[in-house]
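Notes follow the structure.
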Amino acid sequence: MKQMTNNERDGENLSKLVSYYQLCKAAVNEFGAKLENLDSDYQVRHDHNPIHHIEVRMKDPASLLGKLERKGLNPDINNIVGNIYDVGGMRVITNYLDDVYTVEKNLLAQTDVKLLKRKDYIKNPKPSGYRSLHLVVTVPVFQSDSVQETPVEIQIRTVGMDMWGSLEHKLRYKTDVDEGKVSKFSEKLQGYSDEINSIENNMQKIFHDL
Ligand code: 0O2
219 MKQMTNNERD GENLSKLVSY YQLCKAAVNE FGAKLENLDS DYQVRHDHNP
269 IHHIEVRMKD PASLLGKLER KGLNPDINNI VGNIYDVGGM RVITNYLDDV
319 YTVEKNLLAQ TDVKLLKRKD YIKNPKPSGY RSLHLVVTVP VFQSDSVQET
369 PVEIQIRTVG MDMWGSLEHK LRYKTDVDEG KVSKFSEKLQ GYSDEINSIE
419 NNMQKIFHDL
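Residue numbers (my numbering): 219 to 428.
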């Protein structure tokens, strides 16, 4: 049998990667529709929107390579499928804390949705103060010749958690600022996360009382 040249192999890998991105994008679209329908249903039947807004992103290739490296894996399409679950990512920002778990419960109740991984950084915040519920879920994507169970990472968090997470991410998570400098402010940042959490709990109590 004729051996593949390196160029041919690179070309094949690239086209597999493009197909996989397209698949993940389709899965993000499926979840987008599910979440919007869920929110509308709540509005009509309970007169309350659990979802404030939704953000979607496809992981950029540089982050993808960085993550493979951190996991000690070669940059190969076969290592992405089955090891990296956040090629397609969504952030569901809810109005109140209870809404985080309402969205989760209703999403996981859908028979075509399967839970692969769950990390509750709300019940167990990260030492940084980061709070969010992370789910890796799959949904069947119907293609022209097959059906593929495709994973998406969904981060569900309140408006307050999102505000803190976005700013802290800019300050620390992805900057090249010297770690020593940033760690001087760690305690403060963690304290602000607790304060926001306490404010959100009080706002939710008012919502319940009303
Ligand atoms: P981006 O572009 O924001 O998505 P695993 O896949 O389970 O092996 P993973 O996904 O690396 O591990 O770990 P984790 O901690 O569950 O999720 C990582 C993502 O959570 C990050 O994505 C951030 O979005 C968010 N995150 C985690 N910890 C913190 C934190 O301390 N502060 C902030 N602001 N965000 C955090 P990436 O990798 O940055 O990429």
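Glycine included, every Cβ here is placed at the ideal spot set by N, Cα and C.
Spatial neighbours of residue i in its chain, beta-carbon cut-off 6 Å, leaving aside the 5 residues before and after
{"i": "Trp382", "result": "Ser411, Ile414"}
{"i": "Leu400", "result": "With the sequence shown as reference, residue 400 is identified as Val, and Leu is not the correct amino acid for it. Once the five neighbours on either side are set aside, the close Cβ partners of Val400 are Arg390."}
{"i": "Pro464", "result": "Here the chain comprises residues numbered 219 to 428, so residue 464 is not present and cannot be evaluated."}
Residue i: CB within 7 Å of a non-hydrogen atom of the ligand 0O2
{"i": "His426", "result": "no"}
{"i": "Ser346", "result": "yes"}
{"i": "Lys243", "result": "no"}
{"i": "His352", "result": "yes"}
{"i": "Gly306", "result": "no"}
{"i": "Lys341", "result": "no"}
{"i": "Glu386", "result": "yes"}
{"i": "Gly383", "result": "yes"}
{"i": "Tyr303", "result": "yes"}
Residues of its chain near residue i, where Cβ-Cβ distance is below 8 Å and the 5 sequence neighbours each way are ignored
{"i": "Tyr319", "result": "Leu351"}
{"i": "Glu230", "result": "Met222"}
{"i": "Leu333", "result": "Leu326, Leu353, Val354, Val355"}
{"i": "Gln261", "result": "Asn267"}
Reference residue i; option with closest CA among the options
{"i": "Val305", "options": "Gly347, Glu273, Ile340, Leu282", "result": "Leu282"}
{"i": "Asn420", "options": "Leu315, Gln408, Asn292, Asn297", "result": "Leu315"}
{"i": "Gln435", "options": "Ser237, Asp317, Leu326, Glu273", "result": "No answer is possible for residue 435: it lies beyond the span of the chain, which begins at 219 and ends at 428."}
{"i": "Ser404", "options": "Pro358, Lys252, Pro345, Ile374", "result": "Pro345"}
{"i": "Pro358", "options": "Glu386, Ser384, Thr329, Tyr339", "result": "Thr329"}
{"i": "Leu256", "options": "Leu407, Thr312, Glu287", "result": "Thr312"}
{"i": "Pro429", "options": "Glu254, Leu235, Arg336", "result": "With the chain running from 219 to 428 in the structure shown, residue 429 is simply not present."}
Residues near residue i by beta carbon distance below 7 Å, same chain, minus five either side
{"i": "Ile372", "result": "Phe249, Met308, Val310, Leu353, Val355"}
{"i": "Asn301", "result": "Lys289, Leu291"}
The stretch 346-354 / the stretch 240-254 touching (three or more Cβ pairs under 8 Å): no
The stretch 292-299 touching the stretch 358-366, judged by at least three CB pairs closer than 8 Å: no
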